[in-house]
Amino acid sequence: MIVVDSNILAYFLLNSDYQEQAEALYEKDSDWWAPYLWRSELRNILVNHQRKKLINLKQSKAIMSIALNLMKDKEFSPHSENVLELAEESGCTAYDCEYAATAIYLKTKLITYDKQLLRAFPSRAIKIADFLSV
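Position one of the sequence shown corresponds to residue 276 (our numbering), numbered consecutively onward.
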């Protein structure tokens with residue numbers, strides 16, 4: 276079991292420089308979890324791809340449907356108190372701390388490329404490549 280941020284989901288579902296790594300991550304551990312926030316963040320990523328003409332609306336809807344199926348029953352709602360405490364201690368955004376709080380609660384790693392999360396939570400947050408090499 277691992278927690279993935281919305282960018283990792285996007286790398287897995289969209290053509291990207293990290294798609295092969297994300298696929299290897301899924302092969303190593305397919306039990307992906309995330310806070311419910313991932314939905315809004317992935318929708319925003321999809322809209323940005325649409326605006327850049329990288330995908331169209333029909334593709335966005337299909338990708339979101341795949342993501343919802345992938346994450347079915349693997350979503351978590353961290354306690355607000357925990358998120359606020361982590362944000363205060365780390366200097367990270369509350370959004371980012373939702374992922375950290377989820378990983379901490381589930382006692383697992385957070386897979387991310389977010390530099391601030393990696394710096395603030397070195398024992399919890401890890402890049403795909405580092406996770407794959409363990």
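Glycine included, every Cβ here is placed at the ideal spot set by N, Cα and C.
All of these numbers come straight from a predicted model, not from anything done at the bench.
Cβ pair residue i, residue j closer than 9 Å
{"i": "A404", "j": "T387", "result": "no"}
{"i": "A309", "j": "E364", "result": "no"}
{"i": "W265", "j": "M339", "result": "The question about residue 265 has no answer here: the residues shown for the chain are numbered 276 through 409."}
{"i": "D304", "j": "I283", "result": "no"}
{"i": "L392", "j": "Y374", "result": "yes"}
Run of the beta strand (DSSP E) containing residue i, from where it starts to where it stops
{"i": "I277", "result": "I277 to V279"}
{"i": "P353", "result": "P353 -> no beta strand (DSSP E), and no H or E assigned at all."}
{"i": "P310", "result": "W307 to P310"}
Whole-angstrom distance between residue j and residue i, CA atom to CA atom
{"i": "V407", "j": "A342", "result": "Here residue 407 is Leu; the residue named in the question, Val, does not match the sequence. So the two alpha carbons sit approximately 22 Å from each other."}
{"i": "L288", "j": "S355", "result": "29 Å"}
{"i": "K327", "j": "T377", "result": "32 Å"}
{"i": "D292", "j": "C372", "result": "25 Å"}
{"i": "Q325", "j": "T368", "result": "26 Å"}
{"i": "P353", "j": "N290", "result": "30 Å"}
The alpha helix (DSSP H) enclosing residue i, as first and last residue numbers
{"i": "D371", "result": "A369 to L381"}
Residue environment, residue i, which counts as buried when at least 16 other CB atoms sit within 10 Å
{"i": "E295", "result": "exposed"}
{"i": "L385", "result": "buried"}
{"i": "D280", "result": "buried"}
{"i": "D389", "result": "buried"}
> Should the region 393-408 be called in touch with the region 326-339, which here means at least 3 C-beta pairs below 8 Å?
Replying inline: no
> Looking at C-beta atoms only, is the number of pairs between the region 291-302 and the region 317-326 that lie closer than 8 Å three or more?
Replying inline: no
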